[in-house]
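Below: one structure, written as structure tokens.
In this note's numbering, the protein residues as written are 28 to 410.
Next comes the structure, spelled out in structure tokens:
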């Protein structure tokens with residue numbers, strides 16, 4: 028994902044050893060069914076402010092480190108254009124989802140810190156107007172029809188694990204519950220599943236020069252709002268049309284619906300999908316590239332692995348022809364081969380996910396390849 032572009036230079040040396048902190052709170056319990064496990068993860072519930080306060084208190088040390096690492100000396104704090112952008116984004120969020128503002132205020136209260144710092148973390152301020160070199164590995168997402176006729180969604184999240192607090196469960200007093208993977212200190216949504224059975228895979232896309240509609244939002248904030256308010260792919264499509272943000276998306280819902288798109292700050296480019304689709308970190312068709320150039324994009328940087336990874340997923344979808352099992356999909360995603368540039372689980376992968384919401388509406392399967400204390404397999408998390 029493009030968030031790796033800018034933060035790797037300073038992050039890795041400054042917050043080493045944080046994994047044991049950010050992943051604290053997870054327990055694994057045996058189930059009656061032999062060989063099966065279930066998990067509990069940090070769960071925050073109640074009013075937006077209560078969620079924020081509890082989240083802030085639990086991860087206060089890690090939030091302070093992320094604030095120092097990501098914001099310290101890395102933002103143009105005195106640039107009038109930057110300040111104007113911050114205020115306009117804050118207003119957009121407050122106008123549409125005031126609960127998100129309240130949650131950020133709660134986080135600031137929980138860490139006894141500044142709301143402005145929490146806001147800047149959520150706005151990804153360290154990447155303001157920055158387009159760096161593409162990462163060597165990045166996120167992959169697919170939707171696929173299983174042998175039972177149901178749709179599954181799976182993929183990999185790529186980023187420095189030191190910045191994350193692991194899977195987190197948000198259960199507000201309005202909207203849908205969800206499990207997602209925020210950078211510690213943010214209320215973000217990304218690769219996720221919610222209690223309506225909407226499963227989402229994401230893959231970031233670098234689009235230098237892309238114009239931004241006046242109502243365009245930071246993608247991670249938009250994703251959290253989408254996951255908390257949308258139940259079906261039809262609602263996701265309508266959300267994307269109303270709220271521009273830049274992210275490659277794959278979604279499936281509990282009714283078997285499927286949605287695949289280049290969502291951008293200039294508008295939506297949906298990719299037709301029937302029995303499956305795959306998307307990584309590049310624009311997948313010439314018509315979309317042409318449209319994006321007309322909307323300001325000056326180049327289409329690609330990581331060395333993005334095309335091989337997508338081709339691997341497409342070949343898997345094509346070869347299985349709707350006859351694969353959940354185990355086969357999980358095996359594809361979990362297999363790591365560092366000699367293969369198409370490997371979905373690679374040196375950058377920090378979370379692997381799987382969901383089949385038609386049959387398991389509230390179960391989100393997660394494998395954490397960098398967490399040595401957990402079994403090297405997908406574990407079920409209850410949304």
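By construction, the Cβ of each residue, glycine as well, lies at the ideal position given by its N, Cα and C atoms.
Asked: Shortest alpha-carbon distance to residue 409 belongs to which of 343, 201, 96, 207?; Found: 207
Asked: What's the C-alpha gap between residue 308 and residue 381?; Found: 19 Å
Asked: For the stretch 329-400, which segments carrying the beta strand (DSSP E) assignment without a break, of at least 3 residues, lie completely within its bounds, in sequence order?; Found: 376-382, 390-394
Asked: Based on DSSP bridge pairs, tell me the residues matched to residue 220.; Found: 206, 226
Asked: Hey, would you say residue 149 sits closer than 8 Å to residue 213, going by beta carbons?; Found: yes
Asked: Would a C-beta distance cut-off of 8 Å place residue 133 and residue 77 closer than the cut-off?; Found: yes
Asked: Whose C-alpha, out of 379, 234, 259, is nearest the C-alpha of residue 326?; Found: 234
Asked: Could you pull out every residue in the same chain whose Cβ sits closer than 8 Å to the Cβ of residue 59, ignoring the five residues on either side in sequence?; Found: Reliability of the predicted coordinates at residue 59 is poor, the pLDDT of 29 falling under 50, and the value obtained from them is presented with this limitation in mind. Hits under 8 Å: none found.
Asked: Kindly indicate the opening and closing residues of the beta strand (DSSP E) around residue 306.; Found: 303-306
Asked: Residue 269 lies in the beta strand (DSSP E); which residues open and close that run?; Found: Careful: residue 269 lies outside any beta strand (DSSP E), inside the alpha helix (DSSP H) at 260-269.
Asked: On a Cα-Cα basis, can you pick out the residue from 104, 119, 274 that is closest to residue 469?; Found: Any answer about residue 469 is impossible in this case: the structure gives the chain only from 28 up to 410.
Asked: Relative to the C-alpha of residue 174, which residue among 302, 261, 90 is closest?; Found: 302
Asked: Tell me whether residue 107 is buried or exposed, calling it buried when 16 or more other Cβ atoms sit within 10 Å of its Cβ.; Found: exposed
Asked: Does any CB atom of chain B fall closer than 8 Å to the CB of residue 142?; Found: The chain inventory of the structure shown lacks chain B, comprising one protein chain alone.
Asked: For residue 409, which beta-bridge partners are listed by DSSP?; Found: 390
Asked: Determine contact between the stretch 312-322 and the stretch 332-351, defined as no fewer than three beta-carbon pairs at a distance below 8 Å.; Found: no
Asked: For residue 154, which option in 142, 100, 180 has the closest C-alpha, if you only look at C-alpha atoms?; Found: 100
Asked: Could you pull the start and end residues of the beta strand (DSSP E) that residue 277 belongs to?; Found: 274-279
Asked: Where residue 383 and residue 277 are concerned, what is the direct C-alpha to C-alpha distance, given to the nearest angstrom?; Found: 13 Å
Asked: By the 10 Å Cβ neighbour count, where 16 or more other Cβ atoms means buried, how is residue 185 classified, buried or exposed?; Found: buried
Asked: Considering only their Cβ atoms, is the gap separating residue 225 from residue 259 smaller than 8 Å?; Found: yes
Asked: Determine the closest residue to residue 290 out of 256, 311, 360, with distance taken between C-alpha atoms.; Found: 311
Asked: Keeping to the same chain, check which residues put their C-beta closer than 7 Å to that of residue 282; ignore five residues upstream and five downstream.; Found: 259
Asked: Please give the ranges of any beta strand (DSSP E) in the stretch 92-175, keeping only runs that are unbroken, at least 3 residues long and fully inside the region.; Found: 167-172
Asked: Can the beta-carbon of residue 220 be found closer than 8 Å to that of residue 391?; Found: yes
Asked: Considering only C-alpha positions, which residue in the set 345, 385, 146, 280 is nearest to residue 115?; Found: 146
Asked: For residue 334, which option in 346, 262, 305, 197 has the closest C-alpha, if you only look at C-alpha atoms?; Found: 305
Asked: So residue 236 and residue 323 are in contact, right, with Cβ under 8 Å, and what is the actual spacing, rounded?; Found: 4 Å
Asked: Give every residue of the same chain whose Cβ lies closer than 6 Å to the Cβ of residue 216, excluding the five residues on either side of it in the sequence, and list them in chain order.; Found: 207, 250, 251, 254
Asked: Quick one: grab the DSSP three-state call for residue 243.; Found: coil
Asked: Could you tell me the distance, in whole angstroms, from the CA atom of residue 406 to the CA atom of residue 104?; Found: 42 Å
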